[in-house]
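A.B. asks: Sharing a structure, written as structure tokens. Questions coming.
Next comes the structure, spelled out in structure tokens:
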């Protein structure tokens, strides 16, 4: 019963996160007012997208599938049928984490059943168990393949790569993705305070060390 309840909870959370990743806006581009202000100020990292015919902020890229520019674009994910960007990056990582936990729990449950099953059980049930595990793991393998860049960059962000570029340390990197309040890190939502205070969600400015000059890159 506990394992069934745990599986149901993980599945419910899994589909909720998948739906959130698919339905949430991955990150709106600059408003006309923001674009005009930054253009007048001569912002060094503001570029122009010739496909969208509008200005785009740093870390903003044009998605050929969605046909639009996406803030802090990571990649276009076929599993959530949406781009992974500034506003749904947290949901996407939680989606992967939930999928991993569900697969781990499923493997443990099937392993226990296999351990205690009667020897007289038909051999084809062994194949059914193996087939079930493989079917459940295939999307995971595909997910991790598609998001290998995301996960690799996230790990590097937490350690060496971003420190070489002069960005903040591990704690700040996590804050920029999951929010400033740790009690909300594993909740599929941002607090109003995070939406106001997190510059990475606005897509225009990113936190960096005081001695780091973004114009050098």
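In mature numbering (1 follows the signal peptide of the UniProt record, and there is no 0), the protein residues as written are -20 to -1, 1 to 197.
For every residue, glycine included, the Cβ atom is placed at its ideal position computed from N, Cα and C.
Since this is a predicted model, take the numbers as computed values, not measurements.
#1: To the nearest angstrom, report how far apart residue 83 and residue 61 are at their CA atoms.
#2: Let me know if residue 47 comes out buried or exposed under the rule of 16 or more other beta-carbons within 10 Å of its beta-carbon.
#3: For residue 28, which residues in the same chain have their Cβ closer than 8 Å to its Cβ, ignoring the five residues on either side in sequence?
#4: Look at the alpha carbon of residue 68 and the alpha carbon of residue 164, and state the distance between them as a whole number of angstroms.
#5: Got a sec, what are the start and stop residues for the beta strand (DSSP E) residue 229 sits in?
#6: Am I right that residue 42 and residue 52 are in contact with their C-beta atoms under 8 Å? What's the rounded C-beta distance?
#7: Run through the DSSP bridge pairs and tell me what residue 41 is partnered with.
#8: Let me check understanding here. Comparing Cα to Cα, which of 166, 161, 49 lies closest to residue 74?
#9: Quick check on DSSP: helix, strand or coil for residue 64?
#10: Using three-state DSSP, classify residue 166 as helix, strand or coil.
#11: Are the beta-carbon atoms of residue 159 and residue 172 separated by less than 8 Å?
#12: Classify residue 32 as helix, strand or coil using the three-state DSSP reduction.
#13: Can you give me the C-alpha to C-alpha distance between residue 161 and residue 155, rounded to a whole angstrom?
#14: Give me, in chain order, the residues of the same chain whose beta-carbon lies closer than 7 Å to that of residue 56; leave out the 5 immediate sequence neighbours on both sides.
C.D. replies: Walking through what the data contain:
#1: Spanning the alpha carbons of residue 83 and residue 61 requires a straight line of approximately 22 Å.
#2: Its Cβ having fewer than 16 others within 10 Å, residue 47 is exposed.
#3: Excluding sequence neighbours, residue 28 sits near 34, 35, 36.
#4: C-alpha of residue 68 to C-alpha of residue 164: approximately 15 Å in a straight line.
#5: As shown, the chain starts at -20 and ends at 197. That puts residue 229 outside it, with no answer to give.
#6: Contact between residue 42 and residue 52 is absent: CB atoms are separated by about 13 Å, not below the 8 Å threshold.
#7: Looking at the DSSP assignment, residue 41 forms a beta bridge with 50.
#8: Taking each of 166, 161, 49 in turn and checking the Cα distance to residue 74, the smallest one comes out for 166.
#9: Three-state result, residue 64: strand.
#10: Here residue 166 sits in coil by DSSP.
#11: Against a cut-off of 8 Å, the Cβ pair of residue 172 and residue 159 comes out as no contact.
#12: In this structure, residue 32 counts as coil in the three-state DSSP scheme.
#13: Here the alpha carbons of residue 155 and residue 161 stand approximately 8 Å from one another.
#14: Short of 7 Å from the beta carbon of residue 56, and not among the five residues preceding or following it, lie these beta carbons of its own chain, in chain order: 43, 45, 46, 63.
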